[in-house]
Amino acid sequence: MGLEDQAAVKRVADEHGSGVVVLLGTPDAESTQTLAQTVVAGDPSYAGPLAGVPLGLPVLHVFEPEIKDQVPADVYEAQVALMEMSLDREAILGGLREARRVATTS
Amino acid sequence: MPDGVAASVLEDRIERHGATPLLGVDGQLLGAVLPAHEEDDTLTGQVLLENLACKATAALALRHLLARPGAVATEKVRYVISCGEEAVGDRYQRGGGNLAKAVAEWAGCTRATGSDVKAFCCGPMHSLMIAGALVQSGLYDDVVVLAGGSLAKLGMKFQGHVKHAMPIVEDVLAGFAAHVGRDDGASPMLRLDAVGRHEVASGSAPLAVVKALYTEPLARVGLTLLDVDRFSLELHNPEATEPAGSGNVPLNNYRTLASLAVIEKLIERDGIEAFVRTRGMPGFSPTQGHIASAIPYLGHALRGLTDGGLTRTMFTGKGSLFLGRMTQLSDGVSLIVERNPRRSNGGRAWSFEARR
Amino acid sequence: MELRGKKVIALGERDGVPGPAVAECARRAGAEVVLTLTACYA
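Protein sequence lines correspond, in order, to chains A, B and C. For reference, each letter of the first sequence is one residue, going 2 to 107 in my numbering. For reference, each letter of the second sequence is one residue, going 342 to 697 in my numbering. For reference, each letter of the third sequence is one residue, going 5 to 46 in my numbering.
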């Protein structure tokens, strides 16, 4: 994640305090895991404003069934369905699970 | 080339005049780029180097284009459109532009003028469309669309390559030049009646974007996705992006297109792989950006649409305008390039060059 | 996790689900979107 984007996420998280949740639209397992880890446990590349700064934010992905269930069907169809079909959903959710696992064990 | 200077001169320029050092692979000082102005940070050595690299690679491509047998005569090139990603100007006009004219000058196109089209990675598609419209209108008979390489994109994904102990593969500055001219009875045709556009109101919902770029323009002329033999989309080589964690962008884009075909009931869901394999291609552009955006396939398409078995190809560029922070929007343009209905052997008005 | 009432940071990807699309989903699920970003070849 770019340094400016990291700074923006940190600023917003600090500003709003509790109740902040990250929702991802990443296209593959690796980018999902990396981004999820960054906002939970800090920047894995140790380069940005989030280096060593664990925000501990809950991370979700729009492909998760529990998220899909909360979005009106026609909205999901227009905004997400096409990418859900073309991308590897299972791999992406796997990446998310792995990031969550790493975050709870570190 | 002029004579070189002593190392002490280089060091003086770097230390006391703000020159940007040029270092060799082993760290040896090879040269320096002087700024054009002491205070203007849009004319630093770094900026000038970027702009020169772009100019040089664009001009090289243009000279190759003009040197091909049967190419348009240099003096018949009256308008040049440059769609690179550099910003030529000074502090009072940072992106003043018209690198096109500087390139035309260097390539000896004495009767040309030109302008730059700036549209992020979608620049080339916008430029080809505009070139087609200029020729169609009768204003010009021969327009050249070109672009030089982006210095900033050299080694862009280097961290991933170093991490995996592989060579830094983005080591190419690419340029291209394409001649757009009047119907010669043989060259493939640009279909100006079927230009696909991502409009402001199209929004960023992925389904709406692909409908604007594919469904709508094809339907406008009575066609579907299945009437296109080959699609040329983002063609960045995944060998550069995958080690860096950025995935395989061409494959993602082709799978998205195939998914649209499923949604439109043109193919079954299990037909996605075949669609991708037969109508797509592996990414093979050595760098990201405007050059990788559909353009690398152009020469191959032209060959396929003349001597080969292709009837219709479709090129799509996408621009990440949001990176400039002036909008959250993306952009996209698609163009259909078809076999000339009166196609006979020989005769080409198109050329494509990519040079290291 | 329920999105309703939460403050969402929407992190999209140009070649995945773009930021504004993620944000729209969050909004329609009852969340407030406090930041929308779209990465390009992140």
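Using N, Cα and C, we set each Cβ at its ideal position, and we do this for glycine too. No experiment lies behind these values; they were computed from the predicted model shown.
| query | result |
| --- | --- |
| Return the first residue and the last residue of the alpha helix (DSSP H) that D15(A) is part of. | 4 to 17 |
| Count the C-beta pairs between the region 418 to 433 of chain B and the region 483 to 490 of chain B that are closer than 8 Å, then say yes if the count reaches three, no if not. | yes |
| May I ask you to verify whether the region 615 to 627 of chain B touches the region 591 to 607 of chain B, counting CB pairs closer than 8 Å and requiring at least 3? | yes |
| Pairs of beta-carbons, one from the region 463 to 473 of chain B and one from the region 500 to 514 of chain B, closer than 8 Å: are there three or more? | no |
| Closest Cβ-Cβ distance between G20(A) and chain D: below 8 Å? | Reference to chain D is not applicable here, since the protein chains of this structure are A, B and C. |
| Rounded to the nearest angstrom, how far is the Cβ of A518(B) from that of L406(B), given a contact under 8 Å? | 4 Å |
| Distance cutoff 8 Å, beta carbons only. Does S634(B) sit that close to anything in chain A? | no |
| Mind pulling the chain B residues with CB within less than 7 Å of M86(A)? | S600, V603 |
| By DSSP's criteria, G673(B) is part of a beta bridge. Which residues make up the other side? | K659(B) |
| Please state the DSSP three-state secondary structure of C1(C). | The structure shown does not extend to residue 1(C), since chain C spans only 5 to 46, so no value can be given for it. |
| If you compare alpha carbons, which of H631(B), T652(B), M667(B) is closest to R680(B)? | T652(B) |
| Looking only at its chain, what residues have a beta carbon closer than 6 Å to the beta carbon of A26(A), apart from the 5 residues adjacent to it on each side? | Correcting the residue identity first, residue 26(A) is Gly in this sequence and not Ala. If we look at G26(A) and ignore the five residues flanking it on each side, its Cβ neighbours are V63. |
| Using DSSP with H/G/I as helix, E/B as strand and the rest coil, what is S87(A)? | helix |
| With 8 Å as the threshold, decide whether the Cβ of R452(B) is near any Cβ in chain A. | no |
| Using C-beta distances below 6 Å, list every residue in its chain close to R90(A), excluding the 5 sequence neighbours before and after it, in chain order. | F64 |
| Have a look at L97(A), A9(A), P28(A) and flag the residue whose alpha-carbon is nearest the alpha-carbon of E85(A). | P28(A) |
| Compare the beta carbon distance of T451(B) and E416(B) with 8 Å and say whether it is the shorter of the two. | yes |
| Which whole-angstrom value describes the C-beta separation of G537(B) and S675(B), a residue pair presumed to lie in contact below a C-beta threshold of 8 Å? | 3 Å |
| Can you pull the DSSP bridge partners for H520(B)? | V485(B) |
| Whole alpha helix (DSSP H) runs in the region 31 to 71 of chain A with 4 or more residues, listed along the chain? | 66 to 69 |
| Rounded to a whole number of angstroms, what is the C-alpha to C-alpha distance between K11(A) and L36(A)? | 13 Å |
| Is there a Cβ from chain C that is less than 8 Å from the Cβ of Q34(A)? | no |
| Taking the continuous beta strand (DSSP E) assigned at C11(C), which residues delimit it? | The residue asked about is misnamed: residue 11(C) is Lys in this sequence, not Cys. Segment 11 to 17, the beta strand (DSSP E) holding K11(C). |
| What does the Cβ neighbour count give for E17(C), buried or exposed, with the cut at 16 atoms within 10 Å? | buried |
| Ignoring anything shorter than 4 residues or poking outside the region 570 to 603 of chain B, list the alpha helix (DSSP H) runs there in chain order. | 579 to 582 |
| Which residues mark the beginning and the end of the alpha helix (DSSP H) in which D457(B) is found? | From DSSP, D457(B) is part of no alpha helix (DSSP H) but of the beta strand (DSSP E) over 454 to 457. |
| Grab the span of the beta strand (DSSP E) containing L21(A) for me, first residue to last. | Note on residue identity: the sequence assigns Val, not Leu, to residue 21(A). It spans 21 to 25 - the beta strand (DSSP E) in which V21(A) sits, taken as one unbroken run. |
| Starting from the C-beta of G57(A), find all residues in its chain whose C-beta is less than 7 Å away, skip the five residues before and the five after it, and write them out in chain order. | V41 |
| With a Cβ-Cβ cutoff of 8 Å, do G425(B) and A399(B) count as a contact? | yes |
| For chain C, check one thing: does any of its Cβ atoms lie closer than 8 Å to the Cβ of S685(B)? | Residue confidence for S685(B) is low, a pLDDT of 49 falling below 50, so the modelled location carries little weight and cannot support an answer. |
| Counting only the same chain and skipping the five closest in sequence on each side, list residues whose C-beta sits under 7 Å from that of G95(A). | A30 |
| Thinking C-alpha only, which one of H378(B), D367(B), G386(B), P623(B) is nearest A360(B)? | G386(B) |
| Return helix, strand or coil for Y433(B), following the three-state DSSP convention. | coil |
| Assuming P591(B) contacts P623(B) (C-beta within less than 8 Å), just tell me the rounded distance between them. | 7 Å |
| Between the Cα of K659(B) and those of I13(C), A27(C), D19(C), spot the shortest distance and give me the residue it belongs to. | D19(C) |
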